[in-house]
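Everything in the sequence shown is counted per the working numbering, starting at 1 for the first residue and increasing by one.
Beta carbons are placed, not taken as given, at the ideal position from N, Cα and C, and that holds for glycine.
Computed from a predicted model, the values in this text were never measured in an experiment.
Read through the structure below, which is laid out as structure tokens, and then see the notes.
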Amino acid sequence: MIDDGFMRAVSGLIVPEMGTDATANLLYWLIRTTRPQSVLEVGMGYTTPFLAQALVDNAEAYESEKALLDDPRGAETQPMAHRAYYDEPYRPQLVCIDRMTDPTSSATRVLDVLDERGLTGVTSVIEADLREAAEQVRERLGLVDFAWIDTWDTLAFLRQYWQLINPAGGVLAIHYLMTYPQGRAILEYAKSLAGPDGGKLEITNLREPHRFGQNSTTLIRRVRDYADPEDLRPQGTENDPVDVLARG
Ligand SMILES: C[S@@+](CC[C@H](N)C(=O)[O-])C[C@H]1O[C@@H](n2cnc3c(N)ncnc32)[C@H](O)[C@@H]1O
């Protein structure tokens, strides 16, 4: 969990110019909320331990929730538990790509911190340019449920990795696309990836108004259709949405 000990351990990885001091926490909570099995980071540093810690905390939560499913106390603590969710094991993995050549980045110091915090078990690193790593990512993760991209090479990433982002709800978080023309152009390119083959996209730009650079995170969620079957609560349960959707 994110406690004082964690914050002390990761504090040496902060590079203020990278602008991820708040974003790292945001990523932690996005992963805690959406519980991806497969996470990809491109551009390591301060954010990396937050991603790994989120997966470890998710796995712990999964196990304790599962143990409560047949326990009467579970009805009180998790009355909305969706039992089918626990049929599939939760064995999350984080794959990080970094070419480790940027002297201003804290990427090369991340593994020591992960080790100190017991986070290496969920994490593996590909030391390479992202343009040469797509095949390895596919082998290690298959489809990617959550990706965090923090490099200037986002366009190359989108071109090579788009098909790896899970079309059924996969989330792509991209650092700093707003407030400069090249970033806006990449955002337009990302929008063009939606369509008959790419499915639909939900896009939210979160702007950090107190910064003049590194001042946004864009969230892109791939969805096959509005009424994705896995988004529907089981028929016959309270607020079954099937009727609502049918009425259009
Ligand atoms: C902005 S820093 C990442 C900051 C980090 N997320 C943080 O919170 O501190 C960018 C990192 O991406 C790496 N990088 C940049 N372009 C890359 C590429 N084409 N392939 C692989 N790594 C790259 C650099 O080596 C650097 O460590």
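Cβ-Cβ distance between residue i and residue j below 8 Å
i	j	result
A54	Y28	yes
Q214	G5	no
G142	V223	no
Y180	L158	no
L51	I97	no
Outcome for residue i when other beta-carbon atoms lying within 10 angstroms are tallied against a minimum of 16
i	result
W148	buried
R99	buried
Q37	buried
P92	buried
P49	buried
D145	buried
S106	buried
D150	buried
T123	buried
heavy atom of ligand 1 below 7 Å from residue i C-beta
i	result
Y46	yes
D4	no
S216	no
W152	yes
S105	yes
T20	yes
Cβ neighbours of residue i in the same chain (closer than 6 Å, five flanking residues each side left out)
i	result
L26	none
R221	V171 and E202
T120	L114
T218	I174, L177 and N205
Cutoff 8 Å; reference residue i; Cβ partners in own chain excluding five residues on either side
i	result
A134	Q160, Y161 and L164
Y46	V10, L13, I14, V15, M18, T20, D21, A24 and S106
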